[in-house]
Every structure is written in structure tokens, then in C-alpha cells.
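All remarks here apply to the structure that follows.
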Amino acid sequence: MIPEKSHILISRLLIYLFSKFYQENTLLCLLIWNCLITVTKLNYKDAKTLEDFMVTYSETLIRNFIDKLKIIHLLPDPEVPFKLLSSFVCFSDPMAVLKYSESLFNQLNNHFDKFYLKEDMRAIFHTFPIYKLIFECLDNSFKTNLEKSKEIIKTSNVIRRVLMRVKPFILQKDRHLANYTLQILTLSCRTLASNANNL
Amino acid sequence: MDTEDASVNFSAEDPVNTVIPESLGPIAWEFFEVIEFKIKKNEHPALVLECLKYMRNVQQYNQGFLVHERRFELKILPLICKFFQKVDRENLNNLEIKIAETTLSILNNIDLESYGATREELAKRIREFEESLNRFVSKDETANEYSVIKIHLQEIKRKFGEEKAGDSPSNQGDKLGV
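In order, the protein sequence lines correspond to chains A and B.
For the first sequence, the residue numbers in the working numbering are 837 to 1035.
For the second sequence, the residue numbers in the working numbering are 660 to 837.
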């Protein structure tokens, strides 16, 4: 158990480090962000500060990461960024994820297509968990704030493009991938239903 | 995993994958056959359960989807009956209980008004499904694990019993023959 004073000091240090690097090094910032949330979510009395922090920086981080995804093939080990992104999506401002979901999905789709183009299985294992997390985020946003969510997501085209990509995996022998796909499909229902003019 | 299967089944340029109208109904229709096939293959109860959860979710937002062309009654319910007939144990495990619960919950939420003249056939199929569950459920009256299934079954009986105007409460449930 970390004493509360140390807790606050660690949090402040992480926030300082974050603000120092957030315009230069996206991946480092994601790492700091995830550390910060892990430390603070355990015991942090000033939750308002954390909420403000998340609202302020979530969008910037997502935008930076979307840019990073365009050149991810140049990185020696793309696994780490995807792991960092997964944790980040869990703990970022859901409205920021919603706002940038289309760009995020488009970039993730490009990465996912490496499976179809090069039979690169890593593309599947990188993207599936993030697809699911974004769909969870969309589902929660439409559940808690329907009108605002509908204003942000005006078309479900992008959702359809993701679903068509993952569809063949329902029939795969790999039970985990089939399960993931079915869960993604189930999570998409509310968004599709809320978004459509004609069910 | 067999990577070739997935590659053969998808192409980003394929018109089938690009011209589907964007809304829940057409997408659910696009996935229906795949889901049906998955249940038919009967690979693992966890996957069958996920398929049913998806159907229940679609039903929640689009009441007509499973009722249209009696999709659930004709294509899915017989497969679930078979699933339970094949269980060669005395008791159902947790996953199988959840499969029964989810199926019954879908059946309970079907709007009978949309069924018109075919509702008698639906009742017959539900009776078959009930029979496939009865060897587990009726064995031990005190068993708690089947309590939700029993509640669902009672609700279904009540639902069909209420169809006939002027039915007395004592006659309710007769249509299912129970």
C-alpha cells in the first residue's frame, strides 16, 4: 500500500512528465498516461483533477496516435504501441474516443488488412482487442448519452467496414477469435440501431 | 487457425462488402446465415451462447428481425432443441443453462401479434423445446439452478394462455399442452 502523500507525489510527477513529452513522444505519453491512471485509480481523492486531465489530453493523444498508426510498419515491434493503445482506450475520455473513432477505425482497418494481403496473423492479434474496446466505448456512449453520441457519429459506414472485415472469423476454428468477433458484433447493435434512420 | 479460409471469404473490393445499407437490420441479415451455420456446427457451448446473445440484442433493437420469415422459429430453435437432445449427461452445466435461459428469453420477447396464423406452430415448436429441457428441469423440483428456466417457461405458458379472449386463469397454458 502506497502512502497517500507518495501517491500524490507520484501522480504529480507523472503529470509533469506527461506535459513535458506530450507533443513530442506519443508512445512515451501513452505509457505515462497508463501509469498515471493505474496509480491514481487505486486511491486518488481529487478525482476531478484526473477527469479534467483526461478530457484535456485524450483528444490530443488519440490524434497523435492515429498519425503514428500510419507509420507503424516502420517500428521494430508494433506490439507495444497496440498494447499501450488498448490500455489508453480503457482509461481515456469516452467522448474523445467517439469523436475520433472513424479515423481510428480507418487506420486500424489498414493495419488489419495486412492479414488479408500478407497473411500476417499479428495484424489480427493487434487490432481485435482494440476493435472490441472501441465498440464497448461506442456502446457505452450511446447508452449514456444518446443525443450527443448521435451528433458525433453521423454515419455507421465505418462500423460496417469493420464488421465485414471481422465477419469471416466467426467461422474460424480458433474459438477465441470467433468469440471476439461475436462480442464485437453484439456490441455494435446499439450504435447501429441508434444511428439508422430506418431499422 | 486456417488463415486461408478467412482470406477467401473477404475482399475489401467485393461489392457484397461495400453496398450493404447502413443500419442494424441489413447487417443482422448479413450475419444471420453465418450465425446459423455456427450454431449448426455445435462447436462449443460458449460460442452458441454468444450467437444467442447477439440474436437477443438484435431483437431488443429490431423486434421484427427474428419474427420476419419466422427466422428464429424455423432456423434457430430446432438447432437449439437438437443441442439439448444431444447432451448425454444427467445435468446441464452453467453454459448450457445460460443457453436455455437466453433462448427462452428471446421466445418470451417475441411479439405474438406479428405471428398471426402461425402462432400455433410456434407454440408447437416451443413445446418441443420444452420437452428437450424437461428431462433436466423436472427431475429435481428443488434444484435452484433451473429456477430461471422454470420462470421463463411459466411466462411463456402465460403468454400463450392469454391469447384466447375470456380464458380463465386455470385454463391458461393449455395451448402449450402442459
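Glycine included, every Cβ here is placed at the ideal spot set by N, Cα and C.
Note that the structure is predicted; figures quoted are calculated from it, not measured.
Where the alpha helix (DSSP H) containing residue i begins and where it ends
i: Phe-941 of chain A; result: 937-954
i: Gly-723 of chain B; result: 723-726
i: Asn-716 of chain B; result: 704-720
i: Ala-759 of chain B; result: 753-768
i: Lys-699 of chain B; result: 683-700
i: Pro-737 of chain B; result: 736-744
i: Asn-793 of chain B; result: 778-796
i: Ser-923 of chain A; result: 915-927
i: Gly-820 of chain B; result: 806-820
Spatially closest choice to residue i from the options, by CA coordinates
i: Lys-1003 of chain A; options: B:Lys-699, B:Cys-710 and B:Gln-744; result: B:Cys-710
i: Lys-839 of chain A; options: A:Leu-866, A:His-947, A:Val-875 and A:Ala-959; result: A small fix is needed here, since residue 839 of chain A is Pro in this sequence, not Lys. For Pro-839 of chain A, the nearest C-alpha among the options comes from A:Val-875.
i: Cys-1025 of chain A; options: A:Lys-904, A:Tyr-1016 and A:Ile-995; result: A:Ile-995
i: Arg-817 of chain B; options: B:Ser-797, B:Leu-792, B:Asn-793 and B:Ala-782; result: B:Ala-782
i: Ser-764 of chain B; options: B:Ile-686, B:Tyr-774, B:Glu-814 and B:Leu-706; result: B:Glu-814
i: Glu-695 of chain B; options: A:Leu-849, A:Phe-951, A:Leu-1007 and A:Ile-908; result: A:Leu-1007
i: Phe-971 of chain A; options: A:Ser-992, A:Ile-902, A:Thr-862 and A:Arg-899; result: A:Ser-992
i: Leu-751 of chain B; options: B:Phe-691, B:Gly-820, B:Ser-806 and B:Ser-682; result: B:Ser-806
i: Thr-777 of chain B; options: B:Arg-748, B:Trp-688 and B:Arg-729; result: B:Arg-729
i: Ile-785 of chain B; options: B:Val-717, B:Gly-775, B:His-811 and B:Tyr-713; result: B:His-811
i: Leu-738 of chain B; options: B:Arg-748, B:Ile-758 and B:Asp-747; result: B:Ile-758
i: Leu-736 of chain B; options: B:Ile-769, B:Ser-682, B:Glu-689 and B:Pro-685; result: B:Ile-769
i: Arg-1011 of chain A; options: B:Ser-682, B:Asn-701, B:Ile-686 and B:Leu-683; result: B:Asn-701
i: Asn-941 of chain A; options: A:Leu-953, A:His-909, A:Asp-956 and A:Phe-901; result: The sequence given here has Phe at residue 941 of chain A, not Asn. It is A:Phe-901.
i: Glu-895 of chain A; options: A:Phe-924, A:Arg-997 and A:Cys-871; result: A:Phe-924
i: Ala-1014 of chain A; options: B:His-703, B:Glu-749, B:Gln-719 and B:Asn-716; result: B:His-703
i: Glu-787 of chain B; options: B:Ile-698, B:Phe-743, B:Phe-724 and B:Gln-718; result: B:Phe-743
i: His-909 of chain A; options: A:Tyr-967, A:Asn-946, A:Ala-932 and A:Leu-969; result: A:Asn-946
i: Tyr-720 of chain B; options: B:Lys-699, B:Tyr-774 and B:Ile-686; result: B:Ile-686
i: Arg-997 of chain A; options: A:Asp-903, A:Phe-948 and A:Gln-859; result: A:Phe-948
i: Glu-755 of chain B; options: B:Val-726, B:Phe-691, B:Glu-804 and B:Lys-697; result: B:Glu-804
i: Glu-860 of chain A; options: A:Arg-899, A:Leu-872, A:Phe-889 and A:Asn-870; result: A:Arg-899
i: Tyr-1016 of chain A; options: A:Tyr-967, A:Ile-844 and A:Leu-886; result: A:Tyr-967
i: Glu-772 of chain B; options: B:Leu-708, B:Gly-723, B:Cys-740 and B:Val-707; result: B:Gly-723
i: Met-890 of chain A; options: A:Leu-969, A:Ser-855, A:Arg-1001 and A:Leu-1018; result: A:Ser-855
i: Cys-871 of chain A; options: A:Glu-887, A:Ser-842, A:Leu-911 and A:Leu-920; result: A:Leu-920
i: Leu-897 of chain A; options: A:Met-1000, A:Lys-986 and A:Lys-935; result: A:Lys-935
Within-9 Å CB hit, residue i to chain A
i: His-703 of chain B; result: yes
i: Leu-766 of chain B; result: no
i: Lys-818 of chain B; result: no
i: Phe-696 of chain B; result: yes
i: Val-717 of chain B; result: yes
i: Ile-843 of chain B; result: Shown here, chain B extends from 660 to 837; a query on residue 843 of chain B therefore has no answer.
i: Leu-706 of chain B; result: yes
i: Glu-755 of chain B; result: no
i: Phe-690 of chain B; result: yes
i: Val-726 of chain B; result: no
i: Asn-721 of chain B; result: yes
i: Leu-792 of chain B; result: no
i: Leu-781 of chain B; result: no
i: Leu-736 of chain B; result: no
i: Ile-686 of chain B; result: yes
Residue-level contact to chain B via CB, residue i, 9 Å cutoff
i: Met-931 of chain A; result: no
i: Arg-958 of chain A; result: no
i: Asn-1015 of chain A; result: yes
i: Gln-859 of chain A; result: no
i: Ile-1006 of chain A; result: yes
i: Thr-1022 of chain A; result: yes
i: Arg-848 of chain A; result: no
i: Gln-1096 of chain A; result: Missing from the structure shown is residue 1096 of chain A; chain A here goes from 837 to 1035 and no further.
i: Ala-1029 of chain A; result: yes
i: Cys-1025 of chain A; result: yes
i: Leu-974 of chain A; result: no
i: Met-1000 of chain A; result: yes
i: Leu-921 of chain A; result: no
i: Ser-992 of chain A; result: yes
i: Leu-1018 of chain A; result: yes
i: Arg-996 of chain A; result: yes
i: Arg-899 of chain A; result: no
Residue i at chain C interface by Cβ criterion, 9 Å
i: Lys-1003 of chain A; result: Among the protein chains of the structure shown, namely A and B, there is no chain C.
Can you list the alpha helix (DSSP H) stretches of 4 or more residues lying completely in the region 853-911 of chain A, in chain order?
List check, alpha helix (DSSP H) in window: 862-878 and 883-906.
Enumerated in chain order, which unbroken segments of the alpha helix (DSSP H) with a length of 4 residues or greater are wholly contained in the region 956-1020 of chain A?
957-980, 982-988 and 993-1002, all fully within the region 956-1020 of chain A.
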